[in-house]
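Each protein sequence line maps, in turn, to chains A and B.
Just so you know, we're using this note's numbering here: the first sequence kicks off at 15 and counts up by one.
Just so you know, we're using this note's numbering here: the second sequence kicks off at 15 and counts up by one.
Ideal Cβ placement from N, Cα and C applies to all residues, glycine included.
2 protein chains.
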Amino acid sequence: MIERSNQGGEQRRLEQHTPTKHNKTMENNELIGLVAGTLTTVSFVPQVLKTWKSRSAKDISLGMFLMFSLGVALWLIYGIGISSMPVILANAITLVLAIGIILMKVTFK
Amino acid sequence: MIERSNQGGEQRRLEQHTPTKHNKTMENNELIGLVAGTLTTVSFVPQVLKTWKSRSAKDISLGMFLMFSLGVALWLIYGIGISSMPVILANAITLVLAIGIILMKVTFK
Numbered sequence: 015m016i017e018r019s020n021q022g023g024e025q026r027r028l029e030q031h032t033p034t035k036h037n038k039t040m041e042n043n044e045l046i047g048l049v050a051g052t053l054t055t056v057s058f059v060p061q062v063l064k065t066w067k068s069r070s071a072k073d074i075s076l077g078m079f080l081m082f083s084l085g086v087a088l089w090l091i092y093g094i095g096i097s098s099m100p101v102i103l104a105n106a107i108t109l110v111l112a113i114g115i116i117l118m119k120v121t122f123k
Numbered sequence: 015m016i017e018r019s020n021q022g023g024e025q026r027r028l029e030q031h032t033p034t035k036h037n038k039t040m041e042n043n044e045l046i047g048l049v050a051g052t053l054t055t056v057s058f059v060p061q062v063l064k065t066w067k068s069r070s071a072k073d074i075s076l077g078m079f080l081m082f083s084l085g086v087a088l089w090l091i092y093g094i095g096i097s098s099m100p101v102i103l104a105n106a107i108t109l110v111l112a113i114g115i116i117l118m119k120v121t122f123k
């Protein structure tokens with residue numbers, strides 16, 4: 015979209031669209047966080063699949079998993095508190111997976 | 015826009031020196047993050063101890079653990095980038111534990 019405006023408008027438009035060092039750093043952080051979250055969340059999926067397929071969860075400690083899930087829930091609250099999209103996304107997905115494992119543990123054993 | 019009245023100046027000065035709601039929220043976030051990190055990190059310790067005691071890590075997938083460790087390393091970099099003490103602490107400790115498991119996996123198998 016081409017904006018036909020006076021010089022003042024041009025200036026503002028440039029300021030808005032020029033990536034500042036600060037913005038670039040924020041974008042890089044966000045990207046690193048999203049890759050980090052993808053890796054730690056994806057590495058958790060095989061456990062979920064294994065438990066689902068084997069219909070067995072006797073080697074999984076319910077206490078440890080409840081502790082882990084509470085921790086993930088608090089990470090989610092922390093992520094919302096500091097407005098960190100990577101922390102929110104990663105922990106929301108991990109929480110769903112962790113609750114899934116707890117439900118399987120309670121159902122299958 | 016910028017207010018140039020005397021009242022505006024007083025207002026700003028007061029806002030700077032009074033402990034604000036914003037600071038309290040930041041402290042609460044930090045606390046929630048530290049509890050979250052303690053729970054998720056502590057729930058990881060039994061795996062390390064189990065592997066150490068049994069001298070066996072055949073059920074642990076090296077690929078998954080390398081992926082997880084890389085993710086944790088990136089979370090650590092992310093934590094440094096956004097200056098989040100809970101993210102830095104939790105992932106620094108988890109990274110040490112995860113590298114410990116990888117070393118055991120490579121040594122014991």
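1. Compare the C-beta of B:A106 against all C-beta atoms of chain A and say whether one is closer than 8 angstroms.
2. Kindly say whether B:T54, judged by its beta-carbon, lies nearer than 8 angstroms to any beta-carbon of chain A.
3. Within the segment 43-97 of chain B, note down every full alpha helix (DSSP H) run reaching 4 residues or more, in order along the chain.
4. Are there three or more Cβ pairs, one per stretch, closer than 8 angstroms when the segment 99-106 of chain A is compared with the segment 41-60 of chain A?
5. Comparing alpha-carbon positions, which option in B:N42, B:S97, B:F58 lies nearest B:F79?
6. For a test of the three-state rule: what should DSSP assign to A:T121, helix, strand or coil?
7. State yes or no: is the beta carbon of A:S75 nearer than 8 angstroms to at least one beta carbon in chain B?
8. Would a check of beta-carbon distances place A:I115 closer than 8 angstroms to chain B?
9. B:I96 touches chain A at which residues, Cβ-Cβ below 7 angstroms?
10. Using only CA atoms, which one of A:I96, A:M81, A:E44 lies nearest to B:H36?
11. Within 8 angstroms (strictly less), CB to CB, does A:F122 reach chain B?
12. How about B:V62: is its C-beta nearer than 8 angstroms to some C-beta of chain A?
13. Quick one: is B:I102 near chain A, going by C-beta distance under 8 angstroms?
14. Whose C-beta lies closer than 7 angstroms to the C-beta of A:T108 among residues of the same chain, with five residues either side of it excluded?
15. Would you identify the three-state DSSP class for B:T34, choosing helix, strand or coil?
16. What residue from B:I91, B:S83, B:G47 has the CA that sits closest to A:L88's CA?
17. Report the neighbours of B:A50 on chain A: residues whose CB is nearer than 7 angstroms to its CB, in chain order.
For this structure:
1. no
2. yes
3. 59-68, 76-95
4. yes
5. B:F58
6. helix
7. yes
8. no
9. N43, S98
10. A:I96
11. no
12. no
13. no
14. T55, F58, V86
15. coil
16. B:G47
17. G85, L88, W89, Y92
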